[in-house]
Every structure is written in C-alpha cells, then in structure tokens.
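Working notes, beginning with the structure itself.
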Amino acid sequence: MTICATKIFDFLEKNQILIEKHEVFLVDFSRLRHNLRSIIERVSQSDNIEAYEICTQFRVLLSEWLTAPVIFDEYFFENLRFFSDPSTVASKWGNDVRVYFEAALNSAEKLINQTNPVRSILLETIRELRIQNKSFKIYCHRLAKPHFDSIIDPETGTKIENDKFIHTAKDYRDLEPVDVLIKVGPLRAKGWGSVPDAIITSPRFRKLVQVVWRGCFDENDFGYNPVVSADMASINSLKIEFSSSSVASSTIVKI
Numbered sequence: 281m282t283i284c285a286t287k288i289f290d291f292l293e294k295n296q297i298l299i300e301k302h303e304v305f306l307v308d309f310s311r312l313r314h315n316l317r318s319i320i321e322r323v324s325q326s327d328n329i330e331a332y333e334i335c336t337q338f339r340v341l342l343s344e345w346l347t348a349p350v351i352f353d354e355y356f357f358e359n360l361r362f363f364s365d366p367s368t369v370a371s372k373w374g375n376d377v378r379v380y381f382e383a384a385l386n387s388a389e390k391l392i393n394q395t396n397p398v399r400s401i402l403l404e405t406i407r408e409l410r411i412q413n414k415s416f417k418i419y420c421h422r423l424a425k426p427h428f429d430s431i432i433d434p435e436t437g438t439k440i441e442n443d444k445f446i447h448t449a450k451d452y453r454d455l456e457p458v459d460v461l462i463k464v465g466p467l468r469a470k471g472w473g474s475v476p477d478a479i480i481t482s483p484r485f486r487k488l489v490q491v492v493w494r495g496c497f498d499e500n501d502f503g504y505n506p507v508v509s510a511d512m513a514s515i516n517s518l519k520i521e522f523s524s525s526s527v528a529s530s531t532i533v534k535i
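281 is the number of the first residue of the sequence shown in our numbering; add one for each residue after it.
Laid out in structure tokens, this is it:
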C-alpha cells in the first residue's frame, strides 16, 4: 500500500535529511576499468553484431561491478574469458586491443582474494545499524542481490535479511520511512544501478548512505534540488584507510 503524502510531509518536517557518501579506490580495480573502457572504445568502432555484443557484455560487467559488492575471486577473473585468448583478440581486433586485454586480465588476476572495500563499508555500516537498532533498507537491482546476500558478518554469522531490500520505484513509493537507505553506485535514472529521483525529492529516510567507486559520478541534475546544491559548499570530509592500495573518503551533506 502506498504511503500517504501527509505521513511523508510530517516525516520530512520532523527530520533533517543527511547524505553520507563513501568514495572508494583500489589501484588494480581502477586499472581494470580503464583497460575495459579502452577495449570498448576501440571495438565499438567496428560496425558489426559481434562488436556490439562484446561491447554490451563488457558494459554490463562494468555496471555490475560498480553497483554491487562483488567478490574478487576466481569467478570474477573468469568473467573476462568470453573475449577469447589474447592471440585471437589480436588477430580479430588489433594489437592495441590485445595489449589492453592482457592488461585487464593482469589487473583482474591481481584482484583475486583482495577485499573489495565496498563490502567492508557495507559490513561495517550494517553492523553499526544493527547495534544501534536502526531501521534500514538497501536499494539495488534484483540481479545484484546475490552479491549483497554473500555479505556475512563474521562476528555473528548473520546475513542481510530479505526484507531489507527494495528494487523498484514502486517499492520505494510503498516504503515506510526508515532511518537509513543504502545505495551502492552513483545516483542515475537509467542503467543497472538506476534509482527513482524521489530518493532526493521525496526522502523516505533520515540518512542516505551511498558507496561509490572513485570516478563514478551522479547524473547531472539528478533529483535537482537547489537546497541540496547550496549545502554542497559546507561538506565535512574524513579519510579512512583500508589498505595500502585502497582508500575511502566519506562526505556528509545536509538536505
């Protein structure tokens, strides 16, 4: 059942809405993204069905990796194998594409068994919310849910409950106000990680926790609100180190 407008207005009147954004960076993952985008740029110049399918598969992989807490394991590495072996790539698409592909494979192999910092932030965030007995929801694509399901708190052995997820604009419209809404990836209207602009224009939460990879930007004017834009000038920042090769910065914006 859709929540009545009066209840939402009362909630907004009584609560100051915050956006807490965590930006993460991992050297090998950044290199992998760069090489895959370089492949897409060059292969897309070929006007044939195979080139279109290859570019589509790589774009889907990138979208999934950037909007879900993927595990860097052998399966993650094998996702790239559909492109064939480097020698075949060179004969079909040119030596420059082969170089980018070999670099991508090398970066993916280095990522195996590294901790995805997105997963670390989500685990710590959810753990704190449970300790504080705060309500929360996670907005994600339905196909991204298995990645979230794989996050298990090592201290308690608990998974994220199924009722913590919402996937559609209707789910959001029907949402009772919660303390925290969690979103992995930038705020965009289309694509794998799309969300309704009502997340900004009609918040059903006290705080939005957003986890993004460095270089992934929100869509221009997504849910444009001049009050939010004015507040951007007074952001407070802090740095958190996860390892020698990964960094997360978090910012808090008052709406």
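Cβ atoms here follow ideal geometry from the backbone N, Cα and C, with glycine treated the same way.
Look up residue i in the DSSP assignment and say whether it is helix, strand or coil.
i	result
residue 493	strand
residue 302	strand
residue 322	helix
residue 485	strand
residue 386	helix
residue 297	coil
residue 499	coil
residue 334	helix
residue 431	coil
residue 516	Because residue 516 sits at a pLDDT of 33, beneath the cut-off of 50, its placement in the model cannot be relied upon, and the following sentence gives the value as read from the coordinates. Residue state, collapsed to three classes: strand.
residue 522	Residue confidence is low: residue 522 scores 35 on pLDDT, short of 50, so the model does not pin down where it sits. Its coordinate-derived value is still stated next. Strand at residue 522.
Just to confirm, are residue i and residue j a CB contact at a threshold of 9 Å?
i	j	result
residue 409	residue 416	yes
residue 428	residue 467	no
residue 315	residue 351	no
residue 342	residue 313	yes
residue 464	residue 473	yes
residue 391	residue 356	yes
residue 486	residue 329	no
Using the C-alpha atoms, what's the distance from residue j back to residue i?
i	j	result
residue 448	residue 501	21 Å
residue 459	residue 373	51 Å
residue 309	residue 388	7 Å
residue 462	residue 484	12 Å
residue 479	residue 469	11 Å
residue 269	residue 399	Because the chain in this structure spans residues 281 to 535, residue 269 falls outside the shown range and cannot be described.
residue 508	residue 457	Legend: pLDDT at residue 508 = 46, less than 50; position of this residue unreliable, no value from coordinates given.
residue 432	residue 439	5 Å
residue 359	residue 450	32 Å
residue 333	residue 481	37 Å
residue 394	residue 366	25 Å
residue 446	residue 371	45 Å
Could you say if the stretch 318 to 327 and the stretch 335 to 348 meet the contact criterion of at least three C-beta pairs nearer than 8 Å? Pairwise C-beta distances place the stretch 318 to 327 in contact with the stretch 335 to 348, as three or more of them are shorter than 8 Å.
Output the residue ranges of the beta strand (DSSP E) runs that lie fully inside the stretch 389 to 422 and measure 3 residues or longer, sorted by chain position. Complete beta strand (DSSP E) runs here, min 3: 416 to 419.
Suppose only complete runs of 4+ residues qualify. What are the alpha helix (DSSP H) ranges in the stretch 436 to 482, listed by chain order? Runs found: 449 to 453, 478 to 481.
Does the contact criterion of 3 or more C-beta pairs under 8 Å hold for the stretch 294 to 312 versus the stretch 491 to 500? Segments in contact, yes.
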